[in-house]
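Data block below; observations after.
In this note's numbering, the protein residues as written are 853 to 1050.
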């Protein structure tokens, strides 16, 4: 038969092992598949492209394009819209991602804005190719290609960020429940007093 002291030691070891396993599970950090340094470089390139594109858009001579006045008006409105976005909205969104690169909402807002910019910018570039000078088309075309590459890179980052969040959610949902606290057992190995029978 196992003595009281041996039983106590076994229970104590089991409790310590269970507590250690729980502490290790709780302290394991979530693995991040996204690298904030990668997005910082992408943000820098987005800013550089936007600044250069805004300058070239400002140099457009839409009024000299060989097309109808309605097409010129629409092209000028698109150029003005792009310029406003690239000088006001875009820097704010870029700064939001720069300060909190793990924030999925901020990253997605920037990604959505880049998609909208790309769509309008691509249309303006096509119009410049059809009705404007060759120089206007070539400069805008280069910026559109750069913007497309940057939005794809940001899209990959947003996708990786979302996947990391999903993995963390799944990990938390499938993690074993915390172990119950071991029962407190008090062993008194002191001398016992017994009454003598008379």
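We put the beta carbon where it would ideally sit given N, CA and C, even for glycine.
Note that the structure is predicted; figures quoted are calculated from it, not measured.
Within its own chain, the residues whose Cβ lies closer than 7 Å to the Cβ of residue 914, once the five positions on either side in sequence are excluded, are 924, 927, 928 and 931, listed in chain order. Under the three-state reduction of DSSP, residue 919 is assigned to coil, being neither helix nor strand. Pairwise C-beta distances place the segment 900 to 911 in contact with the segment 937 to 952, as three or more of them are shorter than 8 Å. Separation of residue 984 and residue 916 (C-alpha to C-alpha, rounded to the nearest whole angstrom) is 7 Å. If you ignore the 5 residues before and after residue 1017, its C-beta comes within less than 8 Å of the C-beta of 956, all in its own chain and listed in chain order.
Counting along the chain, no alpha helix (DSSP H) covers residue 953, and no H or E run does either.
Counting of Cβ neighbours within 10 angstroms places residue 894 among the buried residues, the total reaching 16 or more.
In the three-state reduction of the DSSP assignment, residue 1028 falls in the coil class, being assigned neither a helical nor a strand state. With fewer than three CB-CB distances shorter than 8 Å, the segment 981 to 999 does not count as touching the segment 1009 to 1023.
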